[in-house]
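Novice: Its first residue numbered 1, the sequence shown is counted upward by one per residue in full-length UniProt numbering. We treat Cβ as the ideally placed atom computed from N, Cα and C, and that holds for glycine. Being a predicted model, the structure only gives us computed values, none of them experimental. Please read through the structure below; I'll follow up with questions.
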Amino acid sequence: MKAKNRPAEERSGLVVVPAKKANVVSSAGPAKNVAKKPPSISHNQGKWLIENFVGVDKVEIPEDVQVKHTVYIYKCENCIIVLPMKVKAICMDSCKKAGLLFGSVEIVNCHSVEVGMTGSAPSIAVDKTHGCQLILSNECLDRDPSIVMSNISEVNIRTPGENDHCDPIEMPIPEQFITKISGKPGRYKLSTQHVTHG
């Protein structure tokens, strides 16, 4: 057969190979149905576990909590947790839009939380948290608390006004820093300051 009588794809010199079906294997595996766990408050050997509360106005810890106990709050959303008295330590983990009334606290892996300190505490720790309002009482501020933070964004501290008739004062925690290196070889020093805008 002459070239002029051949179909166009044969005349171009291209070899047409039929497409094979690709074997597609999903690395994710089958979709998992992750059942939400029910909300619970449990106590085991001096450790309170508060978990999975969603949309509850006020979650109150039982009155038998003691100063030597620790409280771990996990995956609570859109709720306020109230601790009736001072405890040894508090840790909030993976909470969203949750509030906490307490004596001292550690906040980890949280989003959009509001934490109000009613008593005094020497230190507050905030880690891996996006959006946090720390509301500090006059009693807390009298002890000059230390606030230790790492990997945070949008953290504000709210303190009482000059008197009961004044609005509270809100202060943002710096998120940007400048570190300068100075000195001589083998004796370098770092100097870090927060960045202010305007």
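Can you name the start and end residues of the alpha helix (DSSP H) that GLU77 belongs to?
Specialist: Taking the first residue of the sequence shown as 1, we reach residue 77 at position 77. That residue, GLU77, is in no alpha helix (DSSP H); it is neither H nor E in DSSP.
Novice: Going by DSSP, what residue range makes up the alpha helix (DSSP H) through LEU83?
Specialist: Numbered from its first residue, the sequence shown carries residue 83 at position 83. Segment: none, LEU83 is in no alpha helix (DSSP H) and carries neither H nor E.
Novice: Please list the segments of the alpha helix (DSSP H) lying wholly inside the stretch 112-171, counting only runs of 4 or more residues, in order along the chain.
Specialist: Here the runs fully enclosed are 138-142.
Novice: Going straight from the alpha carbon of ILE147 to that of GLU77, what length do you get?
Specialist: For the purposes of this step, residue 147 is identified with residue 147 of the sequence shown, where counting begins at 1. For the purposes of this step, residue 77 is identified with residue 77 of the sequence shown, where counting begins at 1. When rounded, the distance between both Cα atoms is 24 Å.
Novice: With distances taken between CB atoms, is the gap from ILE169 to THR179 smaller than 8 Å?
Specialist: Stepping through the sequence shown from its first residue, residue 169 is reached at position 169. Stepping through the sequence shown from its first residue, residue 179 is reached at position 179. No. Outside cutoff.
Novice: Leaving out five residues before and five after SER191 in sequence, what residues of the same chain have Cβ atoms less than 6 Å from its Cβ?
Specialist: Sequence index remark: in the sequence shown, residue 191 carries index 191 (1-based). Contacts found: LYS180.
Novice: What number of angstroms, rounded off, separates the C-alpha of GLY46 from the C-alpha of LYS68?
Specialist: For the purposes of this step, residue 46 is identified with residue 46 of the sequence shown, where counting begins at 1. For the purposes of this step, residue 68 is identified with residue 68 of the sequence shown, where counting begins at 1. The alpha-carbon atoms of GLY46 and LYS68 are separated by roughly 7 Å.
Novice: Which residues in the same chain have their Cβ closer than 6 Å to the Cβ of CYS79, if we skip the five residues on either side of it in sequence?
Specialist: On the sequence shown, residue 79 is found 79 positions in, with the first residue counted as 1. So the list reads PHE53, VAL56, VAL59, ALA98, once near-sequence residues are dropped.
Novice: Taking the C-alpha atoms as reference points, what is the distance between ARG187 and GLN193?
Specialist: Here residue 187 refers to the residue found at position 187 when the sequence shown is read from its first residue. Here residue 193 refers to the residue found at position 193 when the sequence shown is read from its first residue. Each residue's Cα considered, the two are about 20 Å apart.
Novice: Smallest Cα separation from SER120: which of ILE157, ILE173, GLU154, PHE102?
Specialist: Counted from its first residue, the sequence shown places residue 120 at position 120. When only C-alpha atoms are compared, the closest one is PHE102.
Novice: From ASN138 to LYS184, what does the alpha carbon distance come to, in whole angstroms?
Specialist: As a position in the sequence shown, residue 138 is number 138, starting the count at 1. As a position in the sequence shown, residue 184 is number 184, starting the count at 1. In a straight line, the C-alpha of ASN138 is about 45 Å away from that of LYS184.
Novice: Can you list, in chain order, the residues of its chain whose CB lies under 6 Å from that of LYS189, leaving out five sequence neighbours each side?
Specialist: Residue mapping note: residue 189 aligns to position 189 of the sequence shown, counting from 1. If we look at LYS189 and ignore the five residues flanking it on each side, its Cβ neighbours are SER182, GLY183.
Novice: Around the Cβ of CYS166, are there at least 16 other Cβ atoms within 10 angstroms (buried) or fewer (exposed)?
Specialist: Translated into the one-based positions of the sequence shown, residue 166 becomes position 166. Result: exposed.
Novice: Could you give the distance in angstroms between the alpha-carbon of SER42 and the alpha-carbon of ILE50?
Specialist: For the purposes of this step, residue 42 is taken as residue 42 along the sequence shown, with counting starting at 1. For the purposes of this step, residue 50 is taken as residue 50 along the sequence shown, with counting starting at 1. Roughly 7 Å separates the two Cα atoms.
Novice: Among the residues of its own chain, which have a CB less than 6 Å from the CB of LYS37, if the five just before and after it don't count?
Specialist: Counting from 1 along the sequence shown, the entry for residue 37 is found at position 37. So the qualifying residues of the chain are ASN52.
Novice: Find out if the Cβ-Cβ distance for the pair LEU100, ILE124 is shorter than 8 Å.
Specialist: The count along the sequence shown starts at 1 and reaches residue 100 at position 100. The count along the sequence shown starts at 1 and reaches residue 124 at position 124. No.
Novice: Between the Cα of ASP64 and those of TYR72, TYR74, ILE73, MET85, spot the shortest distance and give me the residue it belongs to.
Specialist: The count along the sequence shown starts at 1 and reaches residue 64 at position 64. Ranking TYR72, TYR74, ILE73, MET85 by Cα distance to ASP64 puts MET85 first.
Novice: Can you find the residues in the same chain that come closer than 6 Å, C-beta to C-beta, to PRO39, ignoring five residues on each side of it along the sequence?
Specialist: Position 39 of the sequence shown, counting from 1, holds the residue named residue 39. Only ASN52, PHE53 meet the Cβ criterion.
Novice: Need the endpoints of the beta strand (DSSP E) that SER182 sits in, please.
Specialist: Counting from one through the sequence shown, the residue named residue 182 turns up at place 182. First-last of the beta strand (DSSP E) with SER182: 177-184.
Novice: Quick check on VAL113: buried or exposed, where buried means 16 or more other Cβ atoms within 10 Å of its Cβ?
Specialist: To locate residue 113, count along the sequence shown from 1; it is residue 113. Burial call: buried.
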